[in-house]
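Only one structure is covered here, and it is reproduced in the block below.
Residue numbers (our numbering), protein chains in the order written: chain A, 1 to 359; chain B, 1001 to 1312.
If you want it as structure tokens, here you go:
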């Protein structure tokens, strides 16, 4: 695993598989009064990131922060209000429908709710075969072999393949969803809370399956989750999202060892197992109040009403996501102060400490 | 499994029919002594007793019931009091005409309602949706008899392009079928739309899109077959409802079907005919529901295996 990690996080990747720049999505809501303006909700604002082949970027944040919208935008299931998405060097935001349909082979998704992600009227086999049929991959006979091999690979061989979704357990359904996404041999898979609906014991199996498949097929994952202890085991890099914006993007172990953004600290501090190998905790940060409504975001830094480091600067000026010397990007006027405060208790940064990865 | 499912549904249909036939018997006995209604008031008791014996009314109730039931099984509902022919023959003469009207209505409302409902859902909140839903509300809130009269006024009296009433050519069918079909097409369109909207919001629709399925394939291969399950229910019910609707519409357009026979027989107190029609309508309803149940099994794999796990 560590070899894969090192390879995947090679800093000077010439051309990233996916390059997202300035991505934004606003939704118009129904009018509240007959002649009033339609209120707008900004689900995603100015999101930029790169994703290399074979890499896993996790997007974390509270529910409603826009992380699923990012996934849908990348897959063009929603069209962006602004920004560009370049996949393999090709600008997808401007691609037409036919081009997109071809491209879909390379970008697949895995949903949280596997039960509803499967068409109840088709057998597992038929669902997995469908993508191949749509893209006219190989001959009918070869497709059958490919489907069988894929189902075998996710542990749904033999009799299980001919079952209907309702005849499978939750874990088996999620395996079917994974098989369905991966049979097309995509380059990028958007995993939207892929295991959140499963029991913990099954979660581990599915996560291991995803990781094995990543290793064997060289997949890149955009891994959307609110479960930080899970993210910690699967991600190479983590993007922390708050009110539609990325507030910190860092290598997974750096982030968990020493989160810089106050919101990242609050999230990571809330994970019971957020401790380094030496057993020292990142000092948790308690935020005041509830996250504000994305319909009416605060001025300046969106976190300022809840942040103990907030100053007048934060109330007026939105901090940009700035790359720092240590390789991470943080959108905070007082990131250094926040980070130092978080590490105070453990007496210095141990960001270089390797993290104990999945058993 | 499949066979067992069908057998259970068939058995249930038989039981329902038996209950209806029995109910008709009970209601008939509750309405009093038929000799009181059928014979003149001023005849002597010995004549009344003679008829009682002739019609078997002096026998114990259970024996009467068995005789009645056995006759009903043979399709014998007695003699029409008005023109002394077997009731079943009189009804049977009218059935093809009602069937003609009913089937034409059925196919027209399906052909109109389902595509409109699907399009309204696919282009939700567009002008197609608004127009379709306005049409649907108009269709099923407009009473049949009123729409029928309006149509007669417009096409028969003012424009003089269609015959106002009667039976014979295809022109005679246009207005009754239109009148009946607007109501059902409206209901079917609304049901199809809401069923489609529910299915379209499911994750597997997004999966299909992410797989690169064309819009056509998404709608007709994934969404519609799943949405069809609730639509089949309303279609099945309307199949029965069309008979009821036909009673009114047939009268407006003087269509010589079962509906007209029913209204005139009720007016004449021709009980054996009314009784026969009630049982016939019941058979239609029960068969329609049986067809719906069998269609479920074909459409929904979750029902096919015997209905467990449906709650999940």
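Cβ atoms here follow ideal geometry from the backbone N, Cα and C, with glycine treated the same way.
Would residue i pass as a contact of residue j if the rule is Cβ separation under 9 Å?
i: residue 71/A; j: residue 48/A; result: no
i: residue 1175/B; j: residue 1155/B; result: yes
i: residue 1099/B; j: residue 1185/B; result: no
i: residue 81/A; j: residue 38/A; result: no
i: residue 36/A; j: residue 214/A; result: no
i: residue 1299/B; j: residue 1232/B; result: yes
i: residue 114/A; j: residue 170/A; result: yes
i: residue 303/A; j: residue 342/A; result: no
i: residue 209/A; j: residue 178/A; result: yes
i: residue 1033/B; j: residue 1057/B; result: yes
i: residue 1180/B; j: residue 1239/B; result: no
i: residue 390/A; j: residue 264/A; result: What is shown of chain A runs 1 to 359, which leaves residue 390/A out entirely.
i: residue 1212/B; j: residue 143/A; result: no
i: residue 306/A; j: residue 287/A; result: yes
i: residue 1104/B; j: residue 1177/B; result: yes
So, is the C-beta of residue i closer than 9 Å to a C-beta in chain A?
i: residue 1002/B; result: no
i: residue 1309/B; result: Because residue 1309/B sits at a pLDDT of 40, beneath the cut-off of 50, its placement in the model cannot be relied upon, and the following sentence gives the value as read from the coordinates. Taking Cβ atoms only, chain A reaches closer than 9 Å to residue 1309/B, which makes this a yes.
i: residue 1197/B; result: no
i: residue 1074/B; result: no
i: residue 1294/B; result: no
i: residue 1297/B; result: no
i: residue 1130/B; result: no
i: residue 1193/B; result: no
i: residue 1217/B; result: yes
i: residue 1006/B; result: no
Please list, in chain order, the chain A residues whose beta carbon lies closer than 7 Å to that of residue i.
i: residue 1209/B; result: 77
i: residue 1222/B; result: 119
What first and last residue would you give for the alpha helix (DSSP H) that runs through residue i?
i: residue 360/A; result: The shown model of chain A, from 1 to 359, leaves out residue 360/A, and the question about it has no answer.
i: residue 222/A; result: Note, residue 222/A: premise wrong, no alpha helix (DSSP H); beta strand (DSSP E) at 220–225.
i: residue 192/A; result: Segment 188–192 is the beta strand (DSSP E) holding residue 192/A; no alpha helix (DSSP H) there.
i: residue 1046/B; result: 1045–1054
i: residue 1138/B; result: 1127–1141
i: residue 1284/B; result: 1271–1299
i: residue 108/A; result: Unbroken run through residue 108/A is the beta strand (DSSP E), 107–110; no alpha helix (DSSP H).
What in chain B is Cβ-close to residue i, meaning under 8 Å?
i: residue 131/A; result: 1211, 1212
For residue i, go through chain B and note every residue whose CB falls closer than 7 Å to its CB, in chain order.
i: residue 113/A; result: 1203
i: residue 135/A; result: 1212
i: residue 108/A; result: 1210
i: residue 105/A; result: 1212
So which residues of chain B does residue i contact, with C-beta pairs closer than 9 Å?
i: residue 116/A; result: 1202, 1203, 1204
i: residue 180/A; result: 1207, 1211
So which residues on chain A does residue i lean against when the C-beta distance must stay under 8 Å?
i: residue 1302/B; result: 120, 164, 166
i: residue 1225/B; result: 121
Would you please verify whether the beta carbon of residue i is less than 9 Å from any beta carbon of chain B?
i: residue 102/A; result: yes
i: residue 184/A; result: yes
i: residue 207/A; result: no
i: residue 177/A; result: yes
i: residue 72/A; result: yes
Starting from residue i, trace the beta strand (DSSP E) both ways and give me its first and last residue.
i: residue 85/A; result: 82–87
i: residue 242/A; result: 237–242
i: residue 20/A; result: 18–28
i: residue 1079/B; result: It is not in any beta strand (DSSP E) - residue 1079/B carries neither H nor E in the DSSP assignment.
i: residue 251/A; result: 245–251
i: residue 178/A; result: Looking at the DSSP string, residue 178/A is not in any beta strand (DSSP E); the run it does join, the alpha helix (DSSP H), is 170–182.
i: residue 57/A; result: 56–60
Is the closest heavy atom of the ligand ATP to the C-beta of residue i under 8 Å?
i: residue 1051/B; result: Questions concerning the ligand ATP fall outside what the structure shown contains, since it holds no ligand whatsoever.
### Task
Evaluate contact between the stretch 86–97 of chain A and the stretch 108–123 of chain A, counting only Cβ atoms and requiring at least three cross-stretch pairs below 8 Å.
Two segments are said to touch when three or more pairs of C-beta atoms, one from each, lie closer than 8 Å; by this definition the stretch 86–97 of chain A does not touch the stretch 108–123 of chain A.
### Task
Inspect the CB distances between the stretch 327–345 of chain A and the stretch 237–256 of chain A and report whether three or more fall short of 8 Å.
Yes, the stretch 327–345 of chain A is in contact with the stretch 237–256 of chain A.
### At least three beta-carbon pairs within less than 8 Å, the stretch 1105–1124 of chain B to the stretch 1186–1206 of chain B
In short, these stretches touch, since the Cβ pair count reaches three.
### Query
Is the stretch 1211–1226 of chain B touching the stretch 1126–1135 of chain B in the sense that three or more CB pairs, one from each, lie closer than 8 Å?
The stretch 1126–1135 of chain B is not in contact with the stretch 1211–1226 of chain B.
### Task
Please determine if the stretch 1278–1292 of chain B and the stretch 1194–1212 of chain B are in contact, where contact requires at least 3 C-beta pairs separated by less than 8 Å.
Look at the beta carbons and you see the stretch 1278–1292 of chain B not touching the stretch 1194–1212 of chain B: under three pairs across the two are nearer than 8 Å.
### the stretch 181–191 of chain A touching the stretch 199–207 of chain A, judged by at least three CB pairs closer than 8 Å
No, the stretch 181–191 of chain A is not in contact with the stretch 199–207 of chain A.
### Message
I want to know whether the stretch 1157–1172 of chain B touches the stretch 1202–1213 of chain B - three or more CB-CB distances under 8 Å.
### Response
The stretch 1157–1172 of chain B makes no contact with the stretch 1202–1213 of chain B, as fewer than three CB pairs between them are under 8 Å.
### Query
Is there contact between the stretch 1083–1098 of chain B and the stretch 1269–1277 of chain B, where contact requires at least three CB pairs shorter than 8 Å?
Yes: at least three Cβ pairs fall under 8 Å.
### Query
Does the stretch 316–325 of chain A come close enough to the stretch 292–302 of chain A to have 3 or more Cβ pairs within less than 8 Å?
These segments touch.
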